[in-house]
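> For the sequence shown, counting from 1, position 79 maps to 80 in our numbering; every step adds exactly one. Backbone N, C-alpha and C define an ideal beta-carbon position, used for all residues, glycine too.
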Amino acid sequence: MNWILLIIAGLFEVAFAACLGKAKEATGNESTYWYIGFLVCLVVSMLLLIKVTQVLPIGTAYAVWTGIGAVGTVLVGIFVFKEPATVWRLFFISTLIISIVGLKVVSH
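1. Give a yes or no on whether the C-beta atoms belonging to Leu40 and Ala10 are separated by under 8 Å.
2. Below 8 Å on the Cβ atoms is my contact criterion, and I expect Gly78 with Ile101 to pass it. Report the Cβ-Cβ distance as a whole number of Å.
3. Rounded C-beta distance between Leu7 and Ala64? I'm assuming under 8 Å.
4. Work out the CA separation of Leu12 and Gly60 for me, nearest whole Å.
5. Over what stretch of residues does the alpha helix (DSSP H) that includes Thr33 continue unbroken?
6. What span of residues does the alpha helix (DSSP H) with Ser100 cover, start to end?
7. Mapping DSSP to helix, strand and coil, what is Ala27?
8. For Phe82, does the three-state DSSP call read helix, strand or coil?
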């Protein structure tokens with residue numbers, strides 16, 4: 002169950018990064034709503050991370066959390082913000098995913 006919560010925390014990290022990107026593009030009240038979304042996602046992500054680190058090793062949990070956030074944010078950048086999907090970017094995203102899976106496999 003803690004691994005599922007950690008994945009959810011990582012997805013909320015992606016969401017708060019995406020909210021920042023959308024807030025940058027928005028104007029007026031719309032940007033305020035995106036910043037509120039950022040704060041909500043940030044709080045949920047941190048609370049879930051705190052909860053899982055009470056059971057999972059901090060080094061593994063934090064690395065997986067940031068890895069999910071990094072991979073997810075790059076993918077959001079590619080699909081939502083139309084950032085380039087170069088071969089090198091996709092290669093390094095793949096190595097991050099392999100590393101996250103590897104940490105899960107070797108953690109007790």
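Short version:
1. Within the sequence shown, residue 40 is the residue found at index 39, counting from 1. Within the sequence shown, residue 10 is the residue found at index 9, counting from 1. Against a cut-off of 8 Å, the Cβ pair of Ala10 and Leu40 comes out as no contact.
2. Counting from 1 along the sequence shown, the entry for residue 78 is found at position 77. Counting from 1 along the sequence shown, the entry for residue 101 is found at position 100. Not a contact, Cβ separation roughly 18 Å.
3. Within the sequence shown, the letter at position 6 stands for residue 7. Within the sequence shown, the letter at position 63 stands for residue 64. The Cβ separation is near 10 Å, so there is no contact.
4. As a first step, residue 60 must be located in the sequence shown, where it is residue number 59. As a first step, residue 12 must be located in the sequence shown, where it is residue number 11. The alpha-carbon atoms of Gly60 and Leu12 are separated by roughly 18 Å.
5. Residue numbering aside, residue 33 sits at position 32 when the sequence shown is read from its first letter. The continuous alpha helix (DSSP H) containing Thr33 extends over residues Asn30 to Val53.
6. On the sequence shown, position 99 is the one that residue 100 refers to. Residues Val88 to Val107.
7. Here residue 27 is taken as the residue at index 26 of the sequence shown, counted from 1. Coil at Ala27, not helix or strand.
8. In the sequence shown, the residue the question calls residue 82 occupies position 81. For Phe82, the three-state secondary structure derived from DSSP is coil.
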